[in-house]
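Here the numbering used here is used: the first residue of the sequence shown is 124, the next is one more, and so on. A quick write-up on the structure given underneath.
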Amino acid sequence: MIDRRSRYATTPVVPVDDEWAGSQPLLALRATPASNAVLSIQPTDTDRLDLLAWRFYRDPTRFWRICDAATEPDPFDVVVPSEPISIPPDR
């Protein structure tokens, strides 16, 4: 069961054939939605995605909203000290 607040809540489930166990339900690929940032910050060397999510959303598990707004494909490359990060609204 996927939580209704999860970024995967509206992602369709696709059956995939497995040669050992038969058909398995898997989530389809999720397209990253376009998001308009409401804030741009300059992180310090002590900032992390979960800490930024807590500061702006009061929920450290919402870090993926910041990742979705970033242009970097790897979440570990999102927070670079002194390089701006876009903070999208929490919808």
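For each residue, glycine too, the CB sits at the ideal point set by N, CA and C. Keep in mind it's a predicted model, so treat the numbers as computed, not measured.
Expressed to the nearest angstrom, what Euclidean distance is found between the alpha-carbon atoms of residue i and residue j?
i    : j    : result
V201 : C190 : 7 Å
T184 : P156 : 18 Å
P138 : Q147 : 5 Å
A192 : S129 : 16 Å
D141 : R178 : 42 Å
F199 : D173 : 12 Å
W143 : I210 : 44 Å
A175 : L150 : Checking the sequence, you will find Leu at residue 175 rather than Ala. When rounded, the distance between both Cα atoms is 28 Å.
R153 : R214 : 17 Å
Using the DSSP secondary-structure output, state which residues sit across from residue i in a beta bridge.
i    : result
V139 : Q147
* **3-residue-minimum beta strand (DSSP E) runs that sit fully inside the region 177-210, ordered along the chain** => Runs of the beta strand (DSSP E) inside the region 177-210: 208-210.
* Take every Cβ of the region 158-173, pair it with every Cβ of the region 192-212, and state whether three or more of those distances are shorter than 8 Å. => Judged by Cβ distances under 8 Å, the region 158-173 makes contact with the region 192-212, as three or more pairs qualify.
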